[in-house]
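Residue 158 in the working numbering sits at position 133 of the sequence shown, and the numbers go up by one each step.
We put the beta carbon where it would ideally sit given N, CA and C, even for glycine.
Predicted, not measured: the structure shown is a model, and the values here were computed from it.
Reading through the C-alpha cells given below for one structure.
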Amino acid sequence: MEIANDGVIYASTSGGLLEFNPEKREFDFIQTKEGLVYLDLNCITLDRFGRIWMGGSYPNGYLQVYDRNHGLLRKITHLGIIQIDKIVIEDDVAFAIYRGVTTSEIGILMFELDEDGLPEYKDYFSSFSDEHVITEIRDLDVFNNDLYVTTEFGVYSGDYTQNLKNTSNWTNYYDARSVDLFIANENHYLTSGDSIFYQEGENWNNYNLIL
26 MEIANDGVIY
36 ASTSGGLLEF
46 NPEKREFDFI
56 QTKEGLVYLD
66 LNCITLDRFG
76 RIWMGGSYPN
86 GYLQVYDRNH
96 GLLRKITHLG
106 IIQIDKIVIE
116 DDVAFAIYRG
126 VTTSEIGILM
136 FELDEDGLPE
146 YKDYFSSFSD
156 EHVITEIRDL
166 DVFNNDLYVT
176 TEFGVYSGDY
186 TQNLKNTSNW
196 TNYYDARSVD
206 LFIANENHYL
216 TSGDSIFYQE
226 GENWNNYNLI
236 L
C-alpha cells in the first residue's frame, strides 16, 4: 500500500489498482477501462509527482506508471520477465527487483528518468558475487549513489554510477545470511529474525527489544 499526499490510499491487488478515499469512505478500482494493460499487480510505489508506479505479478513483470488525472503515462512490457517485486525511485533513476522465467533468473533492473520523470529501461544487474550464486533477493534500497541488495548471503552494495555488471564493483556490505530487510538512509538499519540492528560507525548494535 501507498498513501498519497492528499490522504488517498492505493493498494496493489490481483484485479488492478485499489483506491480508497478515507474522507469519502469510498473504494474504487482502476482497471483496463482506465488504461491499465495488466491487472495482476505485485507492488506499487509513488513518485514525487504522486504518480503510481506498478510492478506486475507472475507471469507478466510489466512496469506501468499511472496518473489519476491523466491515465496511463508509461508502460514497459518488452523485458521478458515474469514479476517485479519492489520498485525504488531516486532522483533521476529508478530500480526494481525482477524475476525471470527460471528460478535462477533474478536481479535488479535500472531505469533512467526522462524529462517528465518517466522511466526508460537502461540495464539489469544479476551478478553480485564471485563466491555465491544468488537465488533470492529479499530487499532493495538506495542511498546517494549506492544501491543495497539484500540476498540470502547478506547485503551487497555498489555505486550505480559504476559498471555493476562487474562483480568487482559490488561489496559484501553486511555478511550474514539471516538479513530480511535493509534500510539505507542517514542511519542504516536492518532486521534479522526478531532483532533490529542499527549501524554506529563500523559496528552494528542490537536494539535488544523485549517482546
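Candidates E211, Y63, D116, I114: which alpha carbon is nearest Q89's? Y63
Excluding the five sequence neighbours on either side, which residues of its own chain have a C-beta within less than 8 Å of the C-beta of I107, listed in chain order? Y83, P84, N85, G86, R124, G125, V126
Could you tell me the boundaries of the beta strand (DSSP E) in which T70 lies? 66 to 71
Are the beta-carbon atoms belonging to F168 and N210 less than 9 Å from one another? yes
Taking only three categories from DSSP, how would you classify K58? Helix.
Using only CA atoms, which one of R76, T70, G142 lies nearest to A121? T70
If contacts are defined as beta-carbon pairs under 8 Å, then M79 and S37 qualify, I think. What distance do you get, rounded to the angstrom? 6 Å
Determine which residues share a DSSP beta bridge with D53 and list them. E44
G132 classed as buried or exposed, judged by whether at least 16 other C-beta atoms fall within 10 angstroms: Flag for G132 reads buried.
Between Q224 and N233, how many whole angstroms is the CB-CB distance? I'm expecting something under 8 Å. Contact flag wrong, Cβ pair sits at about 16 Å.
State yes or no: is the C-beta of Y146 within less than 9 Å of the C-beta of L97? Cβ atoms of Y146 and L97: not closer than 9 Å.
Here's a check: name, in chain order, each residue in its chain whose Cβ is nearer than 8 Å to the Cβ of N188, leaving out the five neighbours to either side. N194
Round the Cβ separation of R202 and E177 to the nearest angstrom and send it over; I've been treating them as touching at under 8 Å. 6 Å
Start-end ranges of the beta strand (DSSP E) lying completely within the stretch 71 to 144, minimum 3 residues: 77 to 81, 88 to 92, 96 to 101, 108 to 115, 118 to 124, 131 to 138
Could you spell out where the beta strand (DSSP E) holding I159 opens and where it closes? It is not in any beta strand (DSSP E) - I159 carries neither H nor E in the DSSP assignment.
Going residue by residue through the stretch 190 to 223, where are the continuous beta strand (DSSP E) segments of at least 3 residues, counting only ones entirely within it? 195 to 199, 204 to 208, 214 to 217
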